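Trainee:
Protein chains: 2
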Amino acid sequence: MPRPAEETRLPTMADVAQLAGVSHQTVSRVLSGHPNVREVTRAGVQKAIDELGYRRNSTARALATRRTRTLGVVAADTTLFGPASTVAGLAESARAEGYMVSTVSGRALSRLSLTEALKHLGEWGVEGAVVITPQREAAAALFELRHPFPVVTVEGGHDLEIPSVSVDQNLGARLVTDHLLGCGHRTVWHVAGPQDWLEAAARMAGWRAALHEAGADVPPPLIGDWSPLSGYRAGQELAGRVGRRGASGSDLTAVFAANDQMALGIMRAFREAGVRIPVDVAIAGFDDIPEAEFFAPPLTTVRQDFAAVGRASIRLLLDRIEGGDRDRTAIPHHVIEPQLIVRGSTTTPVV
Amino acid sequence: MPRPAEETRLPTMADVAQLAGVSHQTVSRVLSGHPNVREVTRAGVQKAIDELGYRRNSTARALATRRTRTLGVVAADTTLFGPASTVAGLAESARAEGYMVSTVSGRALSRLSLTEALKHLGEWGVEGAVVITPQREAAAALFELRHPFPVVTVEGGHDLEIPSVSVDQNLGARLVTDHLLGCGHRTVWHVAGPQDWLEAAARMAGWRAALHEAGADVPPPLIGDWSPLSGYRAGQELAGRVGRRGASGSDLTAVFAANDQMALGIMRAFREAGVRIPVDVAIAGFDDIPEAEFFAPPLTTVRQDFAAVGRASIRLLLDRIEGGDRDRTAIPHHVIEPQLIVRGSTTTPVV
DNA sequence: GGTGTAATTGTTAACGATAACAAAGTTGTC
DNA sequence: GACAACTTTGTTATCGTTAACAATTACACC
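Going down the list, the sequences are from chains A and B. Position 279 (the first sequence) corresponds to 279 in the numbering used here; numbering is contiguous. Position 310 (the second sequence) corresponds to 310 in the numbering used here; numbering is contiguous.
#1: Quick one: list the residues of chain B neighbouring Thr-68/A, beta-carbon separation under 8 angstroms, in chain order.
#2: In the stretch 94 to 157 of chain A, which residue ranges form an unbroken beta strand (DSSP E) of at least 3 residues, counting only runs that do not cross its ends?
#3: For Val-101/B, decide whether its Cβ has a neighbour in chain A, counting only Cβ atoms nearer than 8 angstroms.
#4: Please report the distance separating the alpha-carbon of Ile-266/A from that of Leu-238/A.
#5: Can you list the residues of chain A that Gly-122/B reaches, using a CB-CB cut of under 9 angstroms?
#6: Could you run through the stretch 132 to 154 of chain B and flag, in chain order, every residue whose CB is less than 8 angstroms away from some CB of chain A?
#7: Starting from the beta carbon of Pro-228/A, find every residue of chain B whose beta carbon is closer than 8 angstroms, and list them in chain order.
#8: 8 angstroms is my cut-off, CB to CB: does Ser-85/B come that close to chain A?
#9: With three or more beta-carbon pairs closer than 8 angstroms as the criterion, would you say the stretch 146 to 155 of chain A touches the stretch 118 to 131 of chain A?
#10: Name the chain A residues whose beta carbon is nearer than 9 angstroms to that of Gln-261/B?
#11: Could you give the DSSP three-state label for Val-242/B: helix, strand or coil?
#12: Ignore the nearest five residues each way along the sequence and tell me which others in Leu-301/B's own chain have a CB closer than 7 angstroms to its CB.
#13: Measuring only the C-alpha atoms, how far is Ser-93/A from Gly-310/A?
#14: Quick one: list the residues of chain A neighbouring Gly-310/B, beta-carbon separation under 7 angstroms, in chain order.
#15: Pull up the distance between the alpha-carbon of Asp-196/A and that of Ala-139/A, whole angstroms please.
#16: Under 8 angstroms between beta-carbons, which chain B residues line up against Ser-105/A? List them in chain order, please.
#17: Hey, out of Ile-331/A, Arg-343/A, Gly-122/A, whose CA is closest to Ala-296/A's CA?
#18: In chain A, which residues lie less than 7 angstroms from Phe-81/B when you measure between Cβ atoms?
#19: What residue does the alpha helix (DSSP H) around Val-176/A start on, and which one ends it?
#20: On the DSSP bridge list, what partners appear for Asp-305/A?
#21: Which one of Thr-68/B, Thr-12/B, Val-73/B has the shortest CA to CA distance from Ile-314/B?
#22: Run through the DSSP bridge pairs and tell me what Asp-287/B is partnered with.
#23: Below 8 angstroms between beta carbons: does that hold for Ala-84/A and Ala-76/B?
#24: Assess contact between the stretch 269 to 279 of chain A and the stretch 155 to 175 of chain A, defined as three or more Cβ pairs (one per stretch) separated by less than 8 angstroms. Is contact present?
#25: Compile a chain-ordered list of the residues in the stretch 167 to 201 of chain A whose CB is closer than 7 angstroms to at least one CB of chain B.
#26: With distances taken between CB atoms, is the gap from Ser-230/B to Leu-299/B smaller than 8 angstroms?
#27: So, Thr-103/B versus Val-87/B, is the Cβ gap smaller than 8 angstroms?
#28: Could you tell me which chain A residues have their CB closer than 9 angstroms to the CB of Leu-10/B, listed as they occur along the chain?
#29: How would you list, in chain order, the residues of chain B whose beta-carbon sits under 7 angstroms from the beta-carbon of Leu-407/A?
#30: With a cut-off of 8 angstroms on the beta carbons, I'd call Thr-91/B and Ser-105/A a contact; round off their distance for me.
#31: Quick one: does Arg-343/B have its CB under 8 angstroms from some CB of chain A?
#32: Threshold first: 4 residues or longer. Then list the alpha helix (DSSP H) segments lying entirely within the stretch 8 to 54 of chain B, N to C.
#33: Taking its Cβ as the centre, do 16 or more other Cβ atoms sit within 10 Å of Val-188/B, making it buried, or is it exposed?
#34: For Val-27/B and Val-40/B, which I take to be in contact (beta-carbon distance under 8 angstroms), what is that distance rounded to the nearest angstrom?
#35: Nearest CA to the CA of Gly-182/B: which residue from Phe-149/B, Ala-254/B, Val-335/B?
#36: In angstroms with no decimal places, state the Cα-to-Cα distance between Pro-148/A and Gly-122/A.
Next up, the structure:
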């Protein structure tokens, strides 16, 4: 019996007005909850609305109010857990505030594709956009680009004059490093992410700072590209050093990988090389992907509250859009604290 | 120097017309590539457009044409790899066709939330929607719901009268099961997904059929909920049967998990129980998440081409929206073939 | 009962584009 | 050179809503 797509034109406000015997403006007032409408009138209009199954046309509404109530989101690699979670948080918050969101995603965010994305959003009349710019270059490009709507950056750092929301990556790295040092390791090796990523740089900085503060040696960091494969390669290299005295005189007994996927790759390399985790080497990651708890062994990592990132971003953006006479001289930067999750990959199992 | 959000009103078509000394209609014609415009005129208009930095207002356009060029996507669990990949494919295809997409996602798709989501999309004036309805109930609800726009379902099965796109889950399960049987296993155990999911049911059916055709015993399937934890629990149960004769007389030497995450959980349980993979038991999963290649050992699994699913869905939807006088009596069902990926979890390593 | 104020409703004009039709201007043909 | 047919351009109406303002009605108070 269900027949979608009825061919008949949808009822308009004028239809409702006619049926209810009032002017269309009165219908509009009822719909927008205007206080000065008699209860009788309101009820009559409501009845007509229900009867016709009337729905406000948001396009006409947008044209008249000059408000599209649409926000844009620009992101890359949305199939990965981190970006996907952030985008989900963003979309949910926006919807709760009565906004529609349009997401533009692509492989990576070059200056060109960012320009392209913002142009696309502009053409669709978004009132503002959240741009996830984890790469330094993307953040810089965003700052230089002109756009006719306010923008908030996520993971774009707080040294630019753009409102931003980010997780304290530096702190996360310190938590991990301190945890490992606290377990008795003399130092901690690091497999970093690509250094043009702000998150990767911040994690490395946090790791380095924690080692310095503890007076520990700082082994040369290895650089990966976030993928399990790059972690695997780094792991093969590291495996060769296990049990031997390094040139710098430091043992390799603990590794901090800049994300969980690389940690997984490292674990595979170690496994193949006969290096036991955590007996020979302790390993920690970053992100707390859902699988991390079930790695072999379960992975110590850092959890980021992506939903909170989403909420904060939308809040900041709406402040810019809706907050009229607010003081705009201060550029807000919202920082969210991550949380250390300790699991078996860094703690000796009780046998 | 970059100052976003200029307060001056954006230029309108009338502004361009005035500057170029033509009527706004001529500007419209130039913009939409109408053939009957003199080259001189077109150039003049173009110059005025560039000079003012004019951009067509899509809201006004939508009101006049009654076409919003917006598509909706309804999905659940968009932080998981599968849904995230599908949504990404969807969005990319839609954008390539000049449509904007608005995604509505939530935890799970109950009948109520589906109604809610479609209502939301309807209010925003989408011209059509792709609904990912992996649960039987959701698919059925979608079929019964009334909506003023065409809808395509993804993973919603092809037995309803809704255009659909789905991966051949049954075939995927057969490929895995046949592969395991081909490796010499007398039978294959199955840890299934929740049976109200069509994909879970189809995978189980494929597994069962492959066993039947090979004349193998069909051990009682265990039911999980897709999570690594549920796989872990099932794995603990299965681990107890390894090496012993089951009641049905069949050995437990091979397990097919309905997704990679549960396979991961099973692997952890086996590891803890001292069951070696693949020496004692072979394990295979489904989905080919990016991490699967780096599990311990690398996981044999089935890869689904989510990008293809996205492309096919958008194509089907646009056929419904744009294809005017086409024959609408046939409900199209597009099926995409999955691909078996063999890795170390099912093949004895060459030592 | 007149008057001022507030509450309620209606009328008309935007919003910024496209659609439909009308009016010029060109070209070709005999 | 007249007429038809086709190009090219302009005018006006329209999409469905909200904004601004006008008009009416109700009520309180002197």
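Heads up, the beta-carbon is just placed ideally off N, CA and C, and yes, glycines get one too. Computed from a predicted structure; not experimentally measured.
Mentor: So, to answer that:
#1: Thr-59
#2: As far as the stretch 94 to 157 of chain A is concerned, its whole beta strand (DSSP E) runs of at least 3 residues are 100 to 106, 128 to 132, 151 to 154.
#3: yes
#4: 8 angstroms
#5: Within 9 angstroms Cβ-Cβ: Arg-55.
#6: Phe-143, Glu-144, Leu-145, Arg-146, His-147, Pro-148, Phe-149, Pro-150, Val-151
#7: Pro-290, Glu-291, Glu-293, Phe-294
#8: yes
#9: yes
#10: Ordered by position in chain A, the residues that pass the 9 angstroms Cβ test against Gln-261/B are Pro-290, Glu-291, Phe-294.
#11: Of the three classes helix, strand and coil, the one that applies to Val-242/B here is coil, per DSSP.
#12: The sequence given here places Thr at residue 301/B; Leu does not occur at that position. Short of 7 angstroms from the beta carbon of Thr-301/B, and not among the five residues preceding or following it, lie these beta carbons of its own chain, in chain order: Asp-260, Ala-284, Gly-285, Phe-286, Asp-287, Asp-288, Ala-292, Ile-341.
#13: Ser-93/A and Gly-310/A: Cα-Cα distance of roughly 7 angstroms.
#14: Within 7 angstroms Cβ-Cβ: nothing; Gly-310/B doesn't reach chain A, min ~11 angstroms.
#15: 11 angstroms
#16: Ala-88, Ala-91, Glu-92
#17: Per the Cα distances, Arg-343/A.
#18: Thr-79
#19: 169 to 182
#20: The partner list for Asp-305/A (beta bridge, DSSP) is empty, contrary to what the question assumes.
#21: Val-73/B
#22: Among the bridge pairs identified by DSSP, Asp-287/B is matched with Arg-303/B.
#23: no
#24: no
#25: none
#26: no
#27: yes
#28: Pro-148
#29: Any answer about residue 407/A is impossible in this case: the structure gives chain A only from 1 up to 351.
#30: According to the sequence provided, residue 91/B is Ala. The question's Thr does not apply to it. About 6 angstroms; that satisfies the 8 angstroms criterion.
#31: no
#32: 13 to 20, 24 to 31, 39 to 52, all fully within the stretch 8 to 54 of chain B.
#33: buried
#34: The Cβ separation is near 14 angstroms, so there is no contact.
#35: Ala-254/B
#36: 7 angstroms
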